[in-house]
Amino acid sequence: MKSAAKNALEPLFTERRRRVEDYLARVLTDTHIPAKLAEAMQYSLLAGGKRLRPVLCLSSAALFGCDEETLVPFAAAIEMIHTYSLIHDDLPAMDNDDLRRGKPSNHKVFGEATALLAGDGLLTEAFVSMTRTGVEPQALCAAIAELARAAGALGMVGGQEVDLELTGRPSVSLDAVQAMHALKTGALLRASCTSGALLASAPKEAFEHIAAYGSELGIAFQIADDILDEVADPALLGKPVHSDRERNKATYPALVGLDESRRFAAEHADRARRALETFTGRDADFLRALATYTVERVSWCLRLFLIPLQVRTRSKPCRGTICRNLRMRFANA
Ligand code: IPE
Ligand code: IPE
Ligand code: MG
Ligand code: MG
Ligand code: MG
Numbered sequence: 006m007k008s009a010a011k012n013a014l015e016p017l018f019t020e021r022r023r024r025v026e027d028y029l030a031r032v033l034t035d036t037h038i039p040a041k042l043a044e045a046m047q048y049s050l051l052a053g054g055k056r057l058r059p060v061l062c063l064s065s066a067a068l069f070g071c072d073e074e075t076l077v078p079f080a081a082a083i084e085m086i087h088t089y090s091l092i093h094d095d096l097p098a099m100d101n102d103d104l105r106r107g108k109p110s111n112h113k114v115f116g117e118a119t120a121l122l123a124g125d126g127l128l129t130e131a132f133v134s135m136t137r138t139g140v141e142p143q144a145l146c147a148a149i150a151e152l153a154r155a156a157g158a159l160g161m162v163g164g165q166e167v168d169l170e171l172t173g174r175p176s177v178s179l180d181a182v183q184a185m186h187a188l189k190t191g192a193l194l195r196a197s198c199t200s201g202a203l204l205a206s207a208p209k210e211a212f213e214h215i216a217a218y219g220s221e222l223g224i225a226f227q228i229a230d231d232i233l234d235e236v237a238d239p240a241l242l243g244k245p246v247h248s249d250r251e252r253n254k255a256t257y258p259a260l261v262g263l264d265e266s267r268r269f270a271a272e273h274a275d276r277a278r279r280a281l282e283t284f285t286g287r288d289a290d291f292l293r294a295l296a297t298y299t300v301e302r303v304s305w306c307l308r309l310f311l312i313p314l315q316v317r318t319r320s321k322p323c324r325g326t327i328c329r330n331l332r333m334r335f336a337n338a
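Take the working numbering: the final residue in the sequence shown is number 338, and no numbers are missing along the way.
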């Protein structure tokens, strides 16, 4: 079972990620962008990352027979929005983290003001990119509205505010943490799936299944992220560990411990898989396998997702450590 799911995931993930990478490498090359701003935007956007959100968008559209190539500008736009959220998330006024995608955080290299603007620029350019998507206008408008709502005050941005408000509180309920996770991380992951379905003009009932899949996957993904903050190797993860604990963040491990957190993550991943049980074929298998490995990211999925990231890493101090770690861990894998 495990290797069947792995086989369903790896080649397609690599192929879809490559399409997105190729596009992202070309997207911010207009020489009229002020040089420092362009460098700051590209620094974070091209630093790697799993590219999970654009891959989800392409895969959800493919489930309904949509030609992936025409959707790459839209899928890449989701990655641009996600990258902006990471730059802002690391700022001293937010999580104050110094490492991201295996490199010093954007503000450590370019300063806080340019990091803010790099995030603003990525968010805005994402909408330019969306307009380059090759589907009919009604489907495109619906997908843009879906993504904008998920990224904004009712979604990711709202969730980040709730995250700030829950930080340091002496007692927080699990329901409150789950609601925060659904917004700050779940909304964009859900919209990665639903926007793909809208671009492909999926039927209403099928759309609801995809939406349920994305919502459950989103929560599972953030619980796994909370767990990784406790247990992962920072060199392998590409960002600091124990950051949540040091900042007194409201997380699943803080509330219920690691074992119970793993159980919750597995349960949400299971619900995600079950939301797709009426779908058959290569892309349905792929999405189900992604749900499985979202919560097993500390095993081989880290390898699948992070090796391409680290190979591209330009930051010499980090690169040495990461390559050493990877060699040690995976020499016999
Ligand atoms: C990190 O997202 C931020 C969260 C929402 C948990 P990812 O784990 O997808 O980060 P990258 O894109 O691979 O760097
Ligand atoms: C961030 O959650 C979610 C975002 C919207 C960026 P985290 O603060 O846990 O993400 P990491 O661990 O810094 O990537
Ligand atoms: Mg945060
Ligand atoms: Mg953070
Ligand atoms: Mg985290």
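Note that beta-carbon positions come from the ideal geometry of N, C-alpha and C, so glycine has one too.
Kindly give me the distance between the Cβ atoms of residue i and residue j, rounded to whole angstroms, as I take these residues to be in contact under 8 Å.
i: L69; j: M135; result: Before going on, a small fix: residue 69 reads as Phe here, not Leu. Incorrect: roughly 19 Å between the Cβ atoms, too far for contact.
i: A187; j: G223; result: 6 Å
i: L152; j: I83; result: 7 Å
i: A296; j: A277; result: 4 Å
i: M161; j: S90; result: 6 Å
i: R106; j: G53; result: 5 Å
i: S266; j: D230; result: Not a contact, Cβ separation roughly 11 Å.
i: N111; j: D100; result: Actually they are not in contact, since the Cβ atoms of N111 and D100 sit about 13 Å apart, beyond 8 Å.
i: T88; j: S49; result: 5 Å
i: A225; j: H273; result: 4 Å
i: L263; j: E235; result: 6 Å
i: I215; j: S64; result: With 8 Å as the limit, I215 and S64 do not qualify as a contact, their Cβ atoms being about 10 Å apart.
Looking only at DSSP bridge pairs, what is residue i linked to?
i: P16; result: None, per the DSSP bridge assignment.
i: P109; result: L104
Are the C-beta of residue i and some C-beta of chain B separated by less than 7 Å?
i: R174; result: Included in the structure is just one protein chain, with no chain B present.
How would the residue list near ligand 4 read, in chain order, if you kept each one whose beta-carbon is closer than 6 Å to any heavy atom?
D94, D100, D102
Unbroken stretches of the alpha helix (DSSP H), 4 residues or longer, contained in the region 104 to 168
111 to 115, 117 to 135, 142 to 156
Validate contact between the region 190 to 204 and the region 57 to 66 using beta carbons, cut 8 Å, 3 pairs:
yes
Check whether the region 38 to 53 touches the region 120 to 130, counting contact only when three or more Cβ pairs, one atom from each stretch, lie closer than 8 Å.
yes
Segments assigned alpha helix (DSSP H), at least 4 residues, entirely inside the region 204 to 276
209 to 236, 239 to 242, 248 to 251, 257 to 261
Should the region 197 to 216 be regarded as contacting the region 243 to 262, the criterion being three or more beta carbon pairs within less than 8 Å?
no
For the region 69 to 100, list the alpha helix (DSSP H) runs that are entirely contained and at least 4 residues long, ordered along the chain.
77 to 95
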